[in-house]
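Mapping of the sequence shown onto UniProt numbering: residues 1 to 319, in sequence order.
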Amino acid sequence: MAVTNSKKKLTFEQLSSEITAIANCKVLFDFPNEPNHVTERQYGFLQIDRPTIRYTAFTTPHALILYSALFKPECALQTRLHSPEITLMITTMESQSVCFNGSWINTDQVAIVSSRSEVPFALFIPQNTTVILSEIAEPSRKLKGFSDSLVPVAVSKRNLDKFKAVGKFVFEQPTEKQGHGGTKAVLDLITVLLDELPPLRPQSLHGPSRRPRKHLMTKIVKMMEQKTMRAMSLKQIANELDISTKSINLFFKEYLFIPPKRFYLLVNLFKFRNILIQGKCSSVLEATVLSGVDGWSRYSERYQKLFGEKPYDTFMKSK
Numbered sequence: 001m002a003v004t005n006s007k008k009k010l011t012f013e014q015l016s017s018e019i020t021a022i023a024n025c026k027v028l029f030d031f032p033n034e035p036n037h038v039t040e041r042q043y044g045f046l047q048i049d050r051p052t053i054r055y056t057a058f059t060t061p062h063a064l065i066l067y068s069a070l071f072k073p074e075c076a077l078q079t080r081l082h083s084p085e086i087t088l089m090i091t092t093m094e095s096q097s098v099c100f101n102g103s104w105i106n107t108d109q110v111a112i113v114s115s116r117s118e119v120p121f122a123l124f125i126p127q128n129t130t131v132i133l134s135e136i137a138e139p140s141r142k143l144k145g146f147s148d149s150l151v152p153v154a155v156s157k158r159n160l161d162k163f164k165a166v167g168k169f170v171f172e173q174p175t176e177k178q179g180h181g182g183t184k185a186v187l188d189l190i191t192v193l194l195d196e197l198p199p200l201r202p203q204s205l206h207g208p209s210r211r212p213r214k215h216l217m218t219k220i221v222k223m224m225e226q227k228t229m230r231a232m233s234l235k236q237i238a239n240e241l242d243i244s245t246k247s248i249n250l251f252f253k254e255y256l257f258i259p260p261k262r263f264y265l266l267v268n269l270f271k272f273r274n275i276l277i278q279g280k281c282s283s284v285l286e287a288t289v290l291s292g293v294d295g296w297s298r299y300s301e302r303y304q305k306l307f308g309e310k311p312y313d314t315f316m317k318s319k
């Protein structure tokens, strides 16, 4: 099959839209060192369709945080790949690494997320990293086991290196006549992987609660989203979930590399910006109400520092 999209340069909002459609996730970045980068086309992006796989590769010059409460593929993709279930394989180009659910992916590892397992996942991507997302039509129960483990899994380094080499070549020199070497390498990887035993899921953090991490992370984020900026209290969330605030802080540091209050601030700032961009509100004040931002005047300066423009400027651009 041909390359469905030639290599593009996207803005952050464009990249976020593409990645969110694939992984059903939030895409965030922390306060940048240089202003105004959010509106610049700095993110390399390429997507390729094959009969049983869709590849997406992107390069980010800035560190990104991805959090998905539930991997849920698009129905259109499931129909095209003739599979009710999709497996997402996450890897990087060459020797680069990303942090998947608190574990750095080694050169002989990939991250596996199955739509059957219904688990959340967190991905920290350092700056200047090229990530490859492979959506594979493979409904295997065995792959669900790898996904449930919530940790990177070791694979055939030979096939993985071959896949990365093909990916690097295609990403740097995209044409309409690329071969299927990368697809064969991925299918060989999956075949070998199905002969292995899935790793055990890591223990949850020490403390009063021993619940599985996948449930805790989802509940914490969901509770954060239901509260306004003034009302959000880590102590209250900890009490409701019967865990300590220390556990929550360690949890976010391990998974997302930022404190929970910082994550909460970013989620609200991005949510507020998305509402402004959609152009469905009649004023900035209405957008604050729709996004649940309380006492907005205190956060206007932070918004400008994060996105390089005032909320009113964002609002006017949507008109």
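Glycine included, each C-beta is placed from N, C-alpha and C at the ideal position.
In this text, all values refer to a predicted model and were calculated from it rather than measured experimentally.
Test item: CB-CB of residue i and residue j under 8 angstroms
i, j, result
"L88", "I65", "no"
"Q18", "I86", "Note on identity: in this sequence residue 18 is Glu, with Gln being the wrong assignment. Cβ distance not < 8 angstroms, so E18 and I86 don't count as in contact."
"A57", "L46", "yes"
"K269", "Y303", "Checking the sequence, you will find Leu at residue 269 rather than Lys. Yes, the Cβ-Cβ distance between L269 and Y303 is below 8 angstroms."
"F171", "K7", "yes"
"N24", "S68", "yes"
"F121", "L193", "no"
"T60", "V98", "no"
"T191", "R50", "no"
Closest residue to residue i among the options (Cα-Cα distance)
i, options, result
"M232", "Y299, F252, L265", "L265"
"D161", "V98, M93, M223, S115", "M93"
"Q78", "S117, R54, R298", "R54"
"N33", "A63, I22, T20, L10", "A63"
"V110", "P120, V131, H37, E309", "V131"
"E118", "L15, L150, P199", "L150"
"V240", "F252, M224, Y255", "Position check: residue 240 holds Glu in this sequence, whereas Val was assumed. It is M224 whose Cα lies nearest to the Cα of E240."
"D242", "F252, K261, K219", "K219"
"F307", "K184, E286, N128, I277", "I277"
"S103", "F251, P61, K157", "F251"
"F315", "P152, K280, R298", "K280"
"R41", "Q14, K157, T288", "Q14"
DSSP beta-bridge partners of residue i
i, result
"D49", "R54"
"A154", "Q109"
"S114", "T87"
"Y43", "L10"
"C99", "W104, F124"
"L64", "I125"
"T92", "V131"
8 angstroms Cβ cutoff, residue i in contact with chain D
i, result
"P73", "Absence of chain D from the displayed structure is noted, only one protein chain being present."
Where the beta strand (DSSP E) containing residue i begins and where it ends
i, result
"L123", "121-125"
"V131", "129-136"
"V27", "26-28"
Extent of the continuous alpha helix (DSSP H) run through residue i
i, result
"T107", "Note, T107: premise wrong, no alpha helix (DSSP H); not H, not E."
"I275", "260-278"
"L250", "245-255"
"G145", "141-148"
"D313", "311-317"
"S282", "S282 -> no alpha helix (DSSP H), and no H or E assigned at all."
Local Cβ density within 10 Å of residue i, reported as buried at 16 or more and exposed below that
i, result
"F100", "buried"
"R273", "buried"
"K72", "exposed"
"Q236", "exposed"
"Q226", "exposed"
"S318", "exposed"
"L216", "buried"
"P208", "Caution is warranted here: a pLDDT of 41 is assigned to P208, below 50, making its placement in the model unreliable, and the coordinate value is therefore given only provisionally. Flag for P208 reads exposed."
"P260", "buried"
"V113", "buried"
"F12", "buried"
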